[in-house]
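A short worksheet on the structure shown next.
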Amino acid sequence: MNSSVIPKYQTEVPGHFRSLFESLESRLNGEKDLVFHQLRKKGSNRLLQIGFPTTRNEDYKYTALNRVFNENYYLPEQVSLDEQDEKAIRETAKKCPETDYICFVNGRYTPSLSSISSKDYTVLSLADQSEESELKKEAFQHIEKNLDESDNPFVQLNTALCEDPLMIHIKEGKKVEKPIQLIHYYKTGGESVIACPQIFVVAEENSEVNFLETHLTRPETRSEKIFANLFNRIVVESGASVVHHKIQDLGTEDFIIHNMVASQEKDSHFYAFTADLGSRITRNNLEVHLKNSFTQTDMFGLFVGGARQHIDNQTYLDHAIPNCESREWYKGVLGGRSRGVFNGKVLVRQDAQKTNAFQQNNTLLVSDHARMDSKPQLEIYADDVKCSHGATIGQMDSEILFYLKSRGLNEQQAGELVKIAFLAEVFESVDNEHIRKVIADVVVDNLREIYE
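Start counting the sequence shown at 91; every next residue gets the next number (our numbering).
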C-alpha cells in the first residue's frame with residue numbers, strides 16, 4: 091500500500107498486523123461468503139487506509155503507542171485452560187452474587203464457562219450464521235455503519251480481527267433483574283496475544299439492564315504481553331436504561347484499548363462507569379450520541395496508577411437535541427512514575443437548547459514523579475444552556491495527614507484513608523450495592539500497592 095494516502099498524523103500499519111489479517115483470512119476461508127467475514131475484510135482495508143495514530147495526532151498527543159504496535163502478537167485458535175484458570179473465572183463470578191455471567195477467553199465467547207438464566211434477554215453469536223434473523227441483520231447494519239463512519243483505527247482493527255462477535259438483545263419492556271457479568275479472561279500460552287472481543291448491545295424500548303464488565307488475567311510473572319482491543323456498541327432505545335460498569339485489572343505489562351460507542355433515544359438513560367487499575371498502557375475511547383430529547387447520560391470513572399503505568403481517558407459526548415442532561419466526572423490517584431491523561435469533549439450543537447451538561451476531572455498525585463495531563467472541553471453553539479467544566483491536579487494535604495496521624499494512624503494508613511476519601515464521590519454513583527463492593531475491594535487493594 092502507498093503510505094502517502096495515510097494522514098500525516100498517522101503511521102503505516104506494521105507488517106506483523108497485516109500478517110494477522112492474512113492468517114485469520116486463511117483460517118476462516120470457509121466463512122468467506124458470510125456477512126461478518128466481509129465486514130472483517132472491510133475493517134482491515136479501512137485500517138490500512140487510515141493507519142495507526144502517532145503523537146502528532148491531537149487526540150494521542152500525550153499517549154505514544156509505539157510499545158503496543160511494535161510487539162509481535164498471535165491469534166490463538168484454541169486456548170487451553172487449566173484448573174487455576176477456571177477457578178479464577180469462577181471466583182470472579184462469585185464476587186458479585188446473584189448475577190448471570192458471560193465469559194470470554196482471549197476475546198472469544200465461551201458458553202461452557204457462562205451461566206445465563208434470564209429469559210428477558212437473548213445472546214447471539216454473530217459469527218454463527220446457521221440461522222438468519224432480523225436481530226443479526228440489525229447488528230450487521232450497525233457494525234457496517236460504524237466502520238464507514240468511524241475514524242478510530244482501533245474500531246477497524248477490532249472488527250478485522252474479531253472471530254466471534256456477540257449480540258446481547260434486551261427485549262422490549264423487560265427489566266433484567268440480575269446484573270449481567272461480562273468476564274474477559276486472557277491467557278498468553280507462551281506468546282504475546284492480541285484479543286479483539288466485540289459486543290453489540292440493544293436495549294429495546296422501556297427495557298432495563300445492568301452490566302459488570304471485568305478484565306483479568308492470571309497473576310504471574312511473564313515476558314509475553316496481552317493486547318486487548320475491545321469494541322462495545324450500545325443502542326439505548328426510547329425509555330430504556332443501560333448501566334455499564336467496567337473493572338480493568340490486567341498485568342502491569344499488558345495493553346488495553348477499550349472502544350465504546352453508545353446512542354440514546356428519547357427518555358433513555360445511559361450510565362458508564364470505568365475503573366482502570368492494571369495494564370502498562372490503558373486507552374479508553376468513549377463516545378455517546380444523543381439522538382432524541384429528554385435523555386440522561388452519566389459518565390463516571392476512576393483510575394489508579396503506579397510504577398510506569400499510563401492511563402488515558404478520551405470521552406466525546408454529542409448533544410445534538412434539546413432538553414438533554416449529562417454528567418461526567420473522572421477522578422484518579424497516581425503514584426510512582428505513572429502518567430494519566432483526560433481529554434473530554436462535550437459538543438452542544440446549535441439545536442440543543444436547554445442542555446444541562448457538567449464535566450469534571452480531579453487527580454491526586456502521591457509521588458513527585460507522577461504526572462497528569464487534563465483537557466476538559468466544552469464546545470457550545472446553543473445559547474440557552476447550562477454547562478460547566480473544570481479540572482484540578484493536586485497533592486496530599488499535609489495538614490489532613492498530620493491530623494489523621496495525631497488520631498493514632500500511621501503514615502501509610504493515613505495516606506490510604508485520604509486516597510479512598512478522594513475517590514469516594516465517584517464510588518457513590520454506583521447504585522448496585524454488590525457491584526459497588528466489588529469495585530471498592532479491588533480499588534483499595536491497588537491503592538495500597540501504589541503507596542508502597
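Cβ coordinates follow ideal geometry from the N, Cα and C atoms, glycine included.
Would you mind sorting Y493 into buried or exposed? The rule is 16 or more other CB atoms within 10 Å of its CB.
Position 403 of the sequence shown holds residue 493. Y493 comes out exposed.
Alpha-carbon to alpha-carbon, D535 and S205:
Within the sequence shown, the letter at position 115 stands for residue 205. Within the sequence shown, the letter at position 445 stands for residue 535. Their backbone Cα atoms lie some 28 Å apart in a straight line.
Nearest neighbour of C286, chosen from T304, C252, D210 and F301 [CA to CA]
Translated into positions along the sequence shown, residue 286 becomes position 196. Comparing Cα positions, the closest option is C252.
Identify every residue that forms a DSSP beta bridge with C477.
Residue numbering aside, residue 477 sits at position 387 when the sequence shown is read from its first letter. Bridge partners of C477: A447.
How about L302 and I289: do their beta carbons lie closer than 8 Å?
Numbered from its first residue, the sequence shown carries residue 302 at position 212. Numbered from its first residue, the sequence shown carries residue 289 at position 199. It is not a contact, given that the beta carbons lie outside the stated cut-off.
Note down, one range per segment and in chain order, each beta strand (DSSP E) of at least 3 residues found wholly within the stretch 179-203.
190-195
Measure the alpha-carbon distance for I324 versus M350 and round it to whole angstroms.
For the purposes of this step, residue 324 is taken as the residue at position 234 of the sequence shown. For the purposes of this step, residue 350 is taken as the residue at position 260 of the sequence shown. If I take the Cα positions, the gap works out to 8 Å.
If you reduce the DSSP assignment to three classes, tell me which class S109 lands in.
The residue you call residue 109 lines up with position 19 of the sequence shown. Helix, per DSSP.
May I ask you to list the residues that DSSP assigns as paired with R373?
As a first step, residue 373 must be located in the sequence shown, where it is residue number 283. I347 and D402, per the DSSP bridge assignment.
Per DSSP, N433 is paired with what?
For the purposes of this step, residue 433 is taken as the residue at position 343 of the sequence shown. N433 pairs with Q404 and K465.
Starting from A229 and walking both ways along the alpha helix (DSSP H), at which residues does that stretch end?
Along the sequence shown, read from residue 1 onward, the residue named residue 229 stands at position 139. Segment E224 to E239, the alpha helix (DSSP H) holding A229.
Is it the case that the Cβ atoms of P466 and G484 are separated by a distance below 8 Å?
Here residue 466 refers to the residue found at position 376 of the sequence shown. Here residue 484 refers to the residue found at position 394 of the sequence shown. Cβ distance not < 8 Å, so P466 and G484 don't count as in contact.
Please determine, among Q128, Q449, V103 and P104, the residue with the shortest C-alpha to C-alpha distance to E115.
Taking the first residue of the sequence shown as position 1, residue 115 is located at position 25. Answer by Cα proximity: Q128.
With a threshold of 8 Å on Cβ separation, who are the neighbours of G263 within its own chain once the five nearest residues in sequence on each side are excluded?
Within the sequence shown, numbered from 1, the residue matching residue 263 stands at position 173. Taken in chain order, the residues that qualify are E294, E295, N296 and S297.
Neighbourhood of I347 by C-beta distance below 6 Å, restricted to the same chain and skipping five residues each side:
Position 257 of the sequence shown, counting from 1, holds the residue named residue 347. Excluding sequence neighbours, I347 sits near F244, N319 and R373.
Opposing strand residues paired with D366 [DSSP bridges]
For the purposes of this step, residue 366 is identified with residue 276 of the sequence shown, where counting begins at 1. Its beta-bridge partners are Q338 and F393.
Please report the residue range of the beta strand (DSSP E) in which I273 lies.
The residue given as residue 273 occupies position 183 in the sequence shown. Note, I273: beta strand (DSSP E), I270 to Y276.
As assigned by DSSP and simplified to three states, the class of A460
Here residue 460 corresponds to residue number 370 of the sequence shown, with the count starting at 1. A460: coil per DSSP, three-state reduction.
Would the stretch 507-514 and the stretch 374-390 be scored as touching if the rule is three or more Cβ pairs under 8 Å?
no
By the DSSP assignment, the alpha helix (DSSP H) with R157 in it spans what residues?
Translated into positions along the sequence shown, residue 157 becomes position 67. R157 -> alpha helix (DSSP H) spans N156 to F159.
Among all the DSSP beta bridges, which residues are the ones paired with T307?
Residue 307 sits at position 217 when you count from the first residue of the sequence shown. According to DSSP, T307 bridges with Y276.
Compare the C-beta of D190 with all C-beta atoms of chain D and state if any pair is closer than 8 Å.
Here there is only one protein chain, and chain D is not present.
When the Cα atoms are used, what is the spatial distance from K268 to L203?
Taking the first residue of the sequence shown as 1, we reach residue 268 at position 178. Taking the first residue of the sequence shown as 1, we reach residue 203 at position 113. Roughly 18 Å separates the two Cα atoms.
Are I192 and I270 touching if we call contact CB-CB under 8 Å?
Taking the sequence shown and counting its residues from 1, one reaches residue 192 at position 102. Taking the sequence shown and counting its residues from 1, one reaches residue 270 at position 180. Yes, the pair counts as a contact, with Cβ atoms nearer than the cut-off.
Close-in-space but distant-in-sequence residues of the same chain around R312 (CB under 7 Å, 5 per side omitted)
For this step, residue 312 is matched to residue 222 along the sequence shown. Around R312: T278.
Less than 8 Å separating the beta-carbons of Q440 and L468?
For the purposes of this step, residue 440 is taken as residue 350 along the sequence shown, with counting starting at 1. For the purposes of this step, residue 468 is taken as residue 378 along the sequence shown, with counting starting at 1. No, they are not a contact pair.
Rounded to whole angstroms, what's the CA-CA distance from K235 to I140? Just pull it up for me.
In the sequence shown, residue 235 corresponds to position 145, counting from 1. In the sequence shown, residue 140 corresponds to position 50, counting from 1. Distance from the CA of K235 to the CA of I140, rounded to the nearest whole angstrom, comes to 17 Å.
Bridge partner(s) assigned by DSSP for F321:
Numbered from its first residue, the sequence shown carries residue 321 at position 231. Paired residue(s): Q288 and N349.
Whole angstroms are fine: how far does the CA of L367 sit from the CA of G505?
As a position in the sequence shown, residue 505 is number 415, starting the count at 1. As a position in the sequence shown, residue 367 is number 277, starting the count at 1. Straight-line Cα distance between these residues: approximately 18 Å.
Contact check, K421 vs V516, beta carbons under 8 Å
In the sequence shown, the residue the question calls residue 421 occupies position 331. In the sequence shown, the residue the question calls residue 516 occupies position 426. Cβ distance < 8 Å, so K421 and V516 count as in contact.
If I258 sits next to Y211, beta carbons under 8 Å apart, how far is it from one beta carbon to the other, in whole angstroms?
Taking the sequence shown and counting its residues from 1, one reaches residue 258 at position 168. Taking the sequence shown and counting its residues from 1, one reaches residue 211 at position 121. Their Cβ separation, rounded to whole angstroms, is 6 Å, which keeps I258 and Y211 in contact under 8 Å.
In whole angstroms, what separates the C-alpha of L214 from that of E222?
If you number the sequence shown from 1, residue 214 lands on position 124. If you number the sequence shown from 1, residue 222 lands on position 132. The alpha-carbon atoms of L214 and E222 are separated by roughly 11 Å.
Less than 8 Å between C-beta atoms, sequence neighbours within five positions excluded: which residues of the same chain meet that for H106?
Indexing the sequence shown from 1 puts residue 106 at position 16. For H106, where only same-chain residues beyond five positions count, the Cβ hits under 8 Å are N162 and Y163.
Can you list, in chain order, the residues of its chain with a C-beta nearer than 8 Å to that of E148? Leave out the 5 residues immediately preceding and following it.
As a working mapping, residue 148 is identified with position 58 in the sequence shown. Y99.
Using the rule of at least 16 other Cβ atoms within 10 Å of the residue's Cβ for burial, across every protein chain shown, is A447 buried or exposed?
Counting from one through the sequence shown, the residue named residue 447 turns up at place 357. Buried: at least 16 other Cβ atoms inside 10 Å.
CB G425 to CB G396, shorter than 8 Å?
In the sequence shown, the residue the question calls residue 425 occupies position 335. In the sequence shown, the residue the question calls residue 396 occupies position 306. In contact: G425 and G396 (Cβ atoms closer than 8 Å).
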